[in-house]
Amino acid sequence: MKKLEIILPALIIVFTLFVVGAGTFYYNYSMTVMRFPYFVGVVLIGLSAWRLAQAIEGKRLPGEPEDVQEPTTESMAEFTRTALWLVAILPAVWLLGYLAGIPLYLLAYFRAHGESWLMSVSLSLGALAVTYFVFIVFLRVNLPVMPLGFQ
Amino acid sequence: MEYFTLLSEGFLRVMRPDIILIMLAAIPFGLIFGIVPGLSGLTALAILLPFIYGMEALPGLALLLASHAVIYTGGSVSAIILGIPGSPPNAATVVDGYPMAQQGRGGQAMGAALMASGLGGVFGVLVLVAILPVLEPIVLSFGSPETFFLALMGVTFIAIVGEGPMQKGLIAGALGIFLALFGYQPTTSVPRFHFGSDYLLDGFRIIPLALGLFAVPELIALSAKGKSVAQTGSISGVTFGQVMEGCAAVFKHWWLFIKSSTIGAVVGIVPGVGGETSPFVAYAAAKQSSRTASTYGQGNIEGVIAPESSNNAKEGGALVPTLAFGIPGSTGMALLLGGFLILGLEPGPEFLKEHMDLGVGLAMVVAIANVMAAIVMILLAKYIARLTYLRGHILAPLLLAIIVLGTYASKNNPMDVVYVFVFGALGYLMKELNYSRAPLILGFVLTNAIESYLHISLRSFGPTFFMRPISLIIIGLLVLGLVWPSISRRLRRGRGA
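Protein chains in written order, with the numbering used here: chain P, 12 to 162; chain Z, 955 to 1451.
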């Protein structure tokens, strides 16, 4: 956690400096356009730098729990697995379209997490029905329904 | 007389078939999110946000408000049956509700909680409708400098009193404001920080941001947990007769109900506080004045009525600063402000002047939703509570599919879906590191107003635009809010020494 406590404010500082710097030196925005970003940028960088210094010192802030557990290798691996499974919906809908991608993603997810074939197939077909009838027929959303390259 | 005219007009405004239908869809959604621990009201609001695109103002906001208003009604059931609060504000209900369930009086506790929640919600609305007309002349005396400082105070207050340390809340609020600076600048229409991307010309969107911050981290937690939350507790012993006995107990303890609902409505009005505070304040007040105080914590029905009355009453109170000043009274209201933005409305002094009818209509939505939810839950709580047996592995991907479809449907832009995950990573980091996420969304939502009013104030009044009486009072309150936590810490330390 200590590393993350350092990384987040550091990232915020770098991001803010980059954006404000681009506005000033690359886009040459007028003062009217940049006045407010300067003001917010100074506050944001100031607060983040203060937090960064505290995190490097290992100082705990008032209101924070005393015994914060550092993530273990197992918990990190578990988190990565969970996050990757969730993010996998992106390539699924991009490659297969929403109508086929979502049910197939769900089927793969349920099976990989130990659900029975009956449960997995029923829920995936339910999702297919909801996607088609609610989003395409009822809400008339222009969903990309065909696999990539076939629309 | 005017009060009752306002109420009846608001009621008639809501009694449209499309609005009733929308509420009937929103209420079960809110109840389910309330019942399943780990799925908060904020997640429900974030998931519903994409669906209000293209709607009229009242039906769109009715969808959000009706689901939000009943979250804690659902949450009370899991607090009583499982001993796990469905939402954080239901935590006070666990203290007496869970022991009642273990003693075989779960039905009574549920009846009392549901009736207190439903009537508490109506009480909060009556307070709201009484206050709004009184506030109108006050807020109309606010000019652009006062509105600028009010908006700034809103972000600051929610950063101070929200979850996690104040300093992290302030960073989140400032980051939210900074993220909203992308896209066309409001007064000059210059495309700012677009980095050659068409997507960024319009700036970041509220829907991917809200879903990323509030839904994705909860889905990761739900998916990682895998199992169902209902490991303990049983709903098999709950009978309808018991539930009705519990409902009757609220009328028997009517004074306690009035007192607790008043506490809820008043605490709800204080910007950013509401949340978990009001049920515990109501519980403590009930215990202090009770003749049976010694049995609190062992299954006293008063300990269920008090927190649940205040819980739902606070939402009516929280709507007061949200509608009148554009400052949310609770974290849920911060997301609701996002809904206003999507529908092209800006709560605040002008809103009250031009849309008082809409404000009262929204109040009636809250009241009707509370009554409908209480009736549904009294009849079906036993069955709806079975949802807590759903495994995280099933819930998480299904909700993710709704999020992906809803996000795409809002603007037909696949980049929105990608940004859900980008902001999801930020939301997860913030959650893990104890950064409050509500100030970020509020800062994001209010930035347009903050920057515009700053610009107008500078042009109209010059650099000394803050030297106006009301502005100085707001600045004083803002500074007091910032230094108060450290003063109170020192005072506590001084008393302890």
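We put the beta carbon where it would ideally sit given N, CA and C, even for glycine.
- Taking 7 Å as the threshold, the shortest C-beta distance from tyrosine 120 of chain P to chain Z falls below it.
- Separation of valine 1031 of chain Z and leucine 1068 of chain Z (C-alpha to C-alpha, rounded to the nearest whole angstrom) is 8 Å.
- At least one C-beta of chain Z is nearer than 7 Å to the C-beta of leucine 97 of chain P.
- Annotated three-state conformation of glycine 1137 of chain Z is strand, per DSSP.
- Against chain P, the beta carbon of phenylalanine 1415 of chain Z has no neighbour under 8 Å; the closest one sits roughly 16 Å away.
- A direct Cα-Cα distance of roughly 40 Å separates tyrosine 1250 of chain Z from glycine 1166 of chain Z.
- Here DSSP, grouped into helix, strand and coil, assigns arginine 1422 of chain Z to coil.
- For threonine 93 of chain P, the uninterrupted alpha helix (DSSP H) segment begins and ends at 84-98.
- Under a criterion of Cβ atoms nearer than 8 Å, the residues of chain Z adjacent to tyrosine 40 of chain P are, in order, Val1144 and Arg1146.
- Assignment of proline 1145 of chain Z by DSSP, reduced to helix, strand and coil, places it in the strand class.
- Between the alpha carbons of tyrosine 1138 of chain Z and isoleucine 1114 of chain Z lies a gap of roughly 30 Å.
- Interface flag for threonine 93 of chain P against chain Z is set, since a Cβ pair is found closer than 7 Å.
- By the Cβ rule, the segment 1062-1082 of chain Z counts as touching the segment 1261-1268 of chain Z, because three or more pairs are nearer than 8 Å.
- The segment 1202-1218 of chain Z makes contact with the segment 1235-1248 of chain Z; the number of CB pairs closer than 8 Å reaches 3 or more.
- With contacts defined by Cβ atoms closer than 7 Å, phenylalanine 987 of chain Z and alanine 998 of chain Z form a contacting pair.
- A straight-line Cα-Cα distance of about 29 Å links leucine 1394 of chain Z and histidine 1347 of chain Z.
- Assigned with DSSP and collapsed to three states, phenylalanine 1096 of chain Z falls in coil, not helix or strand.
- For the pair alanine 1000 of chain Z and phenylalanine 1168 of chain Z, the CB atoms are nearer than the 7 Å cut-off.
- Nearest Cα to glycine 1130 of chain Z within the set Z:Leu1094, Z:Val1399 and Z:Lys1336: Z:Val1399.
- Contact check for threonine 1101 of chain Z and glycine 1435 of chain Z: beta-carbon distance about 18 Å, past the 8 Å limit, so the pair fails to qualify.
- Within chain Z, Ile1125 and Leu1129 have C-beta atoms less than 8 Å from the C-beta of isoleucine 23 of chain P, given in sequence order.
- Any Cβ of chain Z closer than 7 Å to the Cβ of isoleucine 147 of chain P would place that residue at the interface, and such an atom is absent.
- In this chain, aspartate 1156 of chain Z is not harboured by any alpha helix (DSSP H), its DSSP state being neither H nor E.
- Going by DSSP, glutamate 16 of chain P is part of the alpha helix (DSSP H) stretching over 13-32.
- For the segment 1388-1419 of chain Z, the residues whose beta carbon sits under 7 Å from a beta carbon of chain P are, in order, Asn1388, Glu1405 and Leu1408.
- Counting along the chain, valine 1314 of chain Z sits inside the alpha helix (DSSP H) bounded by residues 1310-1338.
- Interface with chain Z (7 Å Cβ-Cβ cutoff): alanine 138 of chain P is included.
- Chain order gives the chain Z residues near isoleucine 113 of chain P as Ala1355, Val1358 and Leu1359, where near means a beta carbon separation below 8 Å.
- Shown here for alanine 103 of chain P: same chain residues with a beta carbon closer than 6 Å to its own, the five before and five after excluded, namely Gly112 and Tyr116 in chain order.
- If the five residues before and after serine 135 of chain P are omitted, its C-beta is found closer than 8 Å to the C-beta atoms of Pro114, Leu115, Leu117, Leu118 and Phe121, all from its own chain and listed in chain order.
- Non-local C-beta neighbours of methionine 1107 of chain Z in its own chain, meaning closer than 8 Å and more than five positions away in sequence, comprise Pro1225, Ile1281, Ile1428, Leu1431, Leu1432 and Gly1435, ordered along the chain.
- Per the Cβ contact rule, the segment 1303-1313 of chain Z is in contact with the segment 1272-1279 of chain Z (3 or more Cβ pairs under 8 Å).
- Against chain Z, the CB of isoleucine 17 of chain P has no partner CB under 7 Å away; the residue lies outside that interface.
- If you look at serine 1264 of chain Z, you'll find it in the alpha helix (DSSP H) that goes 1256-1279.
- Ranked by Cα distance from leucine 1341 of chain Z, the first of Z:Gly1416, Z:Arg970, Z:Leu1036 and Z:Leu996 is Z:Leu1036.
- Taking all protein chains shown into account, proline 1043 of chain Z has 16 or more neighbouring C-beta atoms within 10 Å of its C-beta and is therefore buried.
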